[in-house]
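Structure first, then comments.
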Amino acid sequence: MTRAWGGVVLVAVTACLNAACGPQRPRTPQRSGQDLVVLLPNDDGTTGKVEVSNPSGRVTLDTARASTLIAVGQAPGEVTELTEAEIQRIFGPALAAQPPAPIQFTLYFQFDSEELTDDSRQMLSEVLQVVKKYPVPRVTVVGHTDTTGSAESNVELGLRRANAVRALLVDVGVEGAAIDSTSHGEAALLVPTADGVFEPKNRRVDVTVR
Amino acid sequence: MKARRLSLAAVAILALAAPAFAQQPSPAGRVKVVSGSAFIVRAGSTVPAKVGQELFESDSLRTGDDGRIGVTFEDDTRLSLGPASEVRLDTFRYAPAEGSLGMAMRFLRGVAVYVSGKIAKLAPDSIRLETPSAIVGVRGTTLAINVRE
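The listed protein sequences derive, respectively, from chains D and W. Count the first sequence with the working numbering and you get residues 793 to 1002, in order. Count the second sequence with the working numbering and you get residues 83 to 231, in order.
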């Protein structure tokens, strides 16, 4: 099959000899049959955590640009940090093809009502502005409840709220065919609580544009 | 009378249509970015990928030597592939109300960038990312994978 990446790894190593790689030991190049896993910073500047494991061993990546090389039958290799330039060289085309990050709006209802709060009502037109900017936009409207009432009735309640918001979005000009509405009931709480707890922050509708 | 007959016909049509509708799987995600040669492999046939196209469980994404593709999943997970790459979506379950959550992907070759979504927040242990030589467990993560054959 293809060996297209041989050239790319060579370029990365060559670049290290004359570019901003500094005095650090050059990373062992990725050989044929090896997998490279790199942890990248998230869009919000935080960095998550990755555990890379196989039957021979396990390593944890928890700092920006930490990487490991793995081959079948061998434990994941020592963790080394890649430079920004190496990441761009190896992953540039894939990074360039990343879709825009989904944007989420959280809408709240007035107490014991199907009416949105004033702040949330204003958000409807913000949603429309974002929809206009996205390629082939899809809008997902998800109703959520707090944990008072049964799980089943909360799925229904969440769906009623989602459908109410869907209708409002169509009113402000979002194309109905681009909107899916659904309910997560009490299964995805914003503020974790025990069952049977009144919590206004959990009674919400999440609108996501992606 | 005529109206009544019509509405009966409508009910009959709905009744016939309902099972087919129920069986239609919901899409796991949608293609957002395509450049060069990029394909979706579904049930053994390979079709050129188009922006806006739906992606389902068991589909693979594949790119040619000049191709790139980017997909956004229903739970906000994002996946993009560089040239000469292939990733298979083995499992995608995102129905929190039914307690059904999970995502399994196999990185078969080439380069990919994965940005985790809501499934990783709600049920991180239900995510399984596999390369030929390892399993990658994620905790709210952006990561890049290069599989060299």
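Just so it is clear, CB atoms sit at the ideal spot from N, CA and C, and this is done for glycine as well.
Task: Contact residues within the segment 833 to 844 of chain D, judged by C-beta distance below 9 Å to chain W - done: Those residues of the segment 833 to 844 of chain D that come within reach of chain W (Cβ to Cβ, closer than 9 Å) are Pro833, Asn834, Asp835, Thr838, Thr839, Gly840, Lys841, Val842, Glu843, Val844.
- [ ] List the residues of chain W that glutamine 890(D) touches, going by C-beta distances under 8 Å, in chain order.
- [x] Val115, Gly152, Arg160, Ser162, Val195, Val197, listed in chain order.
TODO: Please name the residue in Gly111(W), Pro165(W), Ala216(W) whose C-alpha comes closest to that of alanine 888(D).
DONE: Considering only alpha carbons, the answer is Pro165(W).
Task: Distance, leucine 861(D) Cα to alanine 959(D) Cα - done: Cα-Cα distance, rounded: 51 Å.
- [ ] Measure the C-alpha to C-alpha separation of tyrosine 900(D) and glycine 950(D) and round it to an integer number of angstroms.
- [x] Taking C-alpha positions only, tyrosine 900(D) is separated from glycine 950(D) by approximately 12 Å.
Task: Exposure of glutamine 921(D), with buried meaning 16 or more beta-carbon neighbours within 10 Å - done: When all chains shown are included, glutamine 921(D) counts as exposed.
Open item on the list: Under 8 Å, Cβ to Cβ, is there at least one residue of chain D near arginine 112(W)?
Closed with: Judged by the 8 Å Cβ criterion, arginine 112(W) is in contact with chain D.
- [ ] Using 10 angstroms around the beta-carbon of phenylalanine 990(D), count the other beta-carbons present and answer buried if the total reaches 16, otherwise exposed.
- [x] Classification of phenylalanine 990(D): exposed, given that the 10 Å Cβ count is below 16.
Open item on the list: Considering Cα atoms alone, identify which of Val966(D), Gln890(D), Leu832(D), Pro927(D) is closest to valine 919(D).
Closed with: The residue with the shortest Cα to Cα distance from valine 919(D) is Val966(D).
Task: Listed by chain order, chain D residues near proline 178(W) by CB distance under 7 Å - done: Taking the beta carbon of proline 178(W) as reference, the chain D residues within 7 Å of it are His976, Ala979, Ala980, listed in sequence order.
Task: Under 9 Å from the C-beta of arginine 175(W): neighbouring residues of chain D - done: Against chain D, a Cβ distance below 9 Å from arginine 175(W) picks out nothing, because the smallest value is about 13 Å.
Open item on the list: Can you confirm whether the segment 962 to 976 of chain D touches the segment 922 to 933 of chain D when touching is taken to mean that 3 or more C-beta pairs between the two stretches lie within less than 8 Å?
Closed with: Cβ pair count under 8 Å is three or more, so yes.
TODO: Kindly indicate if chain D contains any beta-carbon less than 8 Å away from that of proline 165(W).
DONE: At least one chain D Cβ lies under 8 Å of proline 165(W).
Task: Exposure label - glycine 181(W); buried when at least 16 CB within 10 Å - done: Exposed.
Task: Segment contact flag, the segment 933 to 942 of chain D with the segment 879 to 895 of chain D, C-beta cutoff 8 Å, min 3 pairs - done: No, the segment 933 to 942 of chain D is not in contact with the segment 879 to 895 of chain D.
- [ ] Kindly list, in the order they appear in chain W, the residues whose Cβ is closer than 7 Å to that of alanine 863(D).
- [x] Correct list: Ser215.
Open item on the list: Check whether chain D comes within 8 Å of alanine 125(W), counting only Cβ atoms and requiring the distance to be less than that.
Closed with: No, alanine 125(W) does not count as interfacial toward chain D.
Open item on the list: Would alanine 959(D) pass as an interface residue toward chain W - the criterion being a Cβ-Cβ separation below 8 Å?
Closed with: Alanine 959(D) does not count as touching chain W.
Open item on the list: Does aspartate 938(D) come out as helix, strand or coil in the three-state DSSP assignment?
Closed with: Of the three classes helix, strand and coil, the one that applies to aspartate 938(D) here is coil, per DSSP.
Task: Where proline 178(W) sits in the DSSP three-state scheme - done: Note: proline 178(W) maps to helix in three-state DSSP.
Open item on the list: Rounding to the nearest angstrom, what Cα-Cα distance links asparagine 834(D) and glycine 126(W) in this structure?
Closed with: About 35 Å.
Task: Contacts that isoleucine 227(W) makes with chain D (C-beta to C-beta distance below 8 Å) - done: Annotation: Cβ neighbours of isoleucine 227(W) in chain D (cutoff 8 Å, chain order): Asp827, Leu828, Val829, Val830.
Task: Own chain partners of valine 957(D) with C-beta closer than 7 Å, once the 5 adjacent residues on each side are dropped - done: Contacts found: Leu899, Val933, Val997, Val999.
- [ ] Within the same chain, show all residues whose beta-carbon is closer than 7 Å to that of leucine 183(W), passing over the 5 residues directly before and after it, in chain order.
- [x] So the qualifying residues of the chain are Arg175, Tyr176, Ile201, Leu204, Ala205, Ser208.
Task: Nearest neighbour of aspartate 972(D), chosen from Ala943(D), Asn955(D), Glu978(D), Asn846(D) [CA to CA] - done: Of the candidates Ala943(D), Asn955(D), Glu978(D), Asn846(D), the one whose C-alpha sits nearest the C-alpha of aspartate 972(D) is Asn955(D).
Open item on the list: Quick check on arginine 930(D) - is its C-beta less than 8 Å from some C-beta in chain W?
Closed with: At least one chain W Cβ lies under 8 Å of arginine 930(D).
Task: First and last residue of the uninterrupted beta strand (DSSP E) at proline 109(W) - done: Membership of proline 109(W) in any beta strand (DSSP E) is not indicated, and neither H nor E is assigned to it by DSSP.
Open item on the list: Can you tell me whether aspartate 827(D) is buried or exposed? The criterion is at least 16 other CB atoms within 10 Å of its CB, across all chains shown.
Closed with: That one is buried.
Task: Nearest-angstrom Cα separation, counted from lysine 132(W) out to alanine 104(W) - done: Low confidence applies here, because alanine 104(W) scores a pLDDT of 44, under 50, leaving its location unreliable and the question unanswered by this model.
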